[in-house]
Amino acid sequence: MDHGTTARSTPNASTPVDLTVATDAPHTGPAELPISETFISVQGEGKLTGVPSWFCRVSGCNLRCSWCDTPYASWKPEHTRRTLDDLIAEATRSSVRHAVLTGGEPLLFPQTLTLATRLRTLGWHVTFETAGTLAPMPSDGSPFPADLLSISPKLATSTPTPARSLELAGTDAWSARHEARRINLPALQALLDLPIDRQLKFVATAPADLAEIETLLARLRAWHPADIMLMPEGTAEPSPAHTRWVLDACLQRGWRYCHRLHITLFGHMRGT
Ligand code: SF4
0 MDHGTTARST PNASTPVDLT VATDAPHTGP AELPISETFI SVQGEGKLTG
50 VPSWFCRVSG CNLRCSWCDT PYASWKPEHT RRTLDDLIAE ATRSSVRHAV
100 LTGGEPLLFP QTLTLATRLR TLGWHVTFET AGTLAPMPSD GSPFPADLLS
150 ISPKLATSTP TPARSLELAG TDAWSARHEA RRINLPALQA LLDLPIDRQL
200 KFVATAPADL AEIETLLARL RAWHPADIML MPEGTAEPSP AHTRWVLDAC
250 LQRGWRYCHR LHITLFGHMR GT
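Under numbering that gives the first Met the number 0, the sequence shown has 258 at position 259, and the numbering climbs by one with no breaks.
Here you go:
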């Protein structure tokens, strides 16, 4: 999401997805998180592209994008329970001082707010990568603990349907749930109203997406064109034609073209 929202891949076609047991978020204690992976890399997308960062990917999501490229944090969640103390010890052993809390959907877990608060107390810069469908606020009334909100609203093309992905045939339950959840205007607005730097990243699959993006933006306040980022969808470098229409759309609207540095550097690889 997020670091992993741009790839058109599908859950492992060889392993049936059990929709009856798929849950939004595994149960965890108040001082632990279900973690699918942590790693050090450079930020691949957005305003902090190229910045060395510690990535912390929670496992569990309230959406099921048809093209999700981190199915191990959504469709087929896998995780290790890690305490916040353990995560902070790992992070601070590294030389980086930027943390990216991603998923899955990190805002499903109030513990991510505690983790972010503790990292910021240690002087870290914290980015939350979220689909913007939830806007939990700290229960003690303290400021939301982030330095950058990287919000990636999901367009209609993200909804899993058999027509979009044969491997997902029979996903009616998640299709309806995803479609009902993918845009939550009050939550999006609540996040945008926070006095925190933000970016709104949209995955551009086809020119028809532009009208949907503009309709959504017209219903939101407190954003600037320079906060809007458009990135070509795909697991590889975009074709020249794809790059061209995305670039033209940005030039016409004052939006930012969002390169995906991690794809250029590493290809479509986990842990990058
Ligand atoms: S919002 Fe959830 S399902 Fe969609 S791309 Fe991100 S992790 Fe995958």
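The beta-carbon is built from N, C-alpha and C at its ideal position, and this holds for glycine as well. Fair warning: this is a prediction, and the values are worked out from it, not measured in the lab.
One Cα belongs to residue 27, the other to residue 62, and the distance between them is close to 19 Å. As summarised for the stretch 138–216, the continuous alpha helix (DSSP H) elements at least 4 residues long and confined to that stretch are 171–180, 184–191, given in chain order. The C-beta of residue 77 has fewer than 16 other C-beta atoms within 10 Å across all chains shown, which makes the residue exposed. Fully enclosed beta strand (DSSP E) runs of no fewer than 3 residues occupy 51–57, 79–82, 97–101 of the stretch 43–102, in order along the chain. Around the CB of residue 198, 16 or more other CB atoms lie within 10 Å, so the residue is classed as buried. The continuous stretches of beta strand (DSSP E) do not include residue 239, which lies in the alpha helix (DSSP H) extending over residues 239–252. Short of 6 Å from the beta carbon of residue 123, and not among the five residues preceding or following it, lie these beta carbons of its own chain, in chain order: 96, 98.
Within the DSSP bridge table, the entry for residue 255 names 228 as partners.
By DSSP's assignment, residue 104 forms no beta bridge with any residue. Residue 270 sits exposed, since fewer than 16 C-beta atoms from the chains shown fall within 10 Å of its C-beta.
Residue 62 has its Cβ nearer than 6 Å to a heavy atom of the ligand SF4.
Between residue 257 and residue 230, the CB-CB gap stays under 7 Å. A residue is called buried when at least 16 other Cβ atoms come within 10 angstroms of its Cβ; residue 128 meets this threshold and is buried.
Buried is the label assigned to residue 232, since at least 16 other Cβ atoms lie within 10 Å of its Cβ.
A check of alpha carbon separations from residue 158 across 111, 74, 133, 188 identifies 74 as the nearest. Considering only 268, 267, 260, 266, the residue with the shortest C-alpha distance to residue 51 is 260. By the C-beta criterion, the stretch 35–50 is judged to be in contact with the stretch 77–92, since at least 3 inter-stretch pairs fall below 8 Å. For the pair residue 186 and residue 134, the CB atoms are nearer than the 7 Å cut-off.
The alpha-carbon separation between residue 156 and residue 203 amounts to approximately 9 Å.
Counting along the chain, residue 129 sits inside the beta strand (DSSP E) bounded by residues 124–129.
Counting along the chain, the unbroken beta strand (DSSP E) around residue 32 starts and ends at 31–41.
In this structure, the C-beta of residue 55 stays at least 6 Å away from each heavy atom of the ligand SF4.
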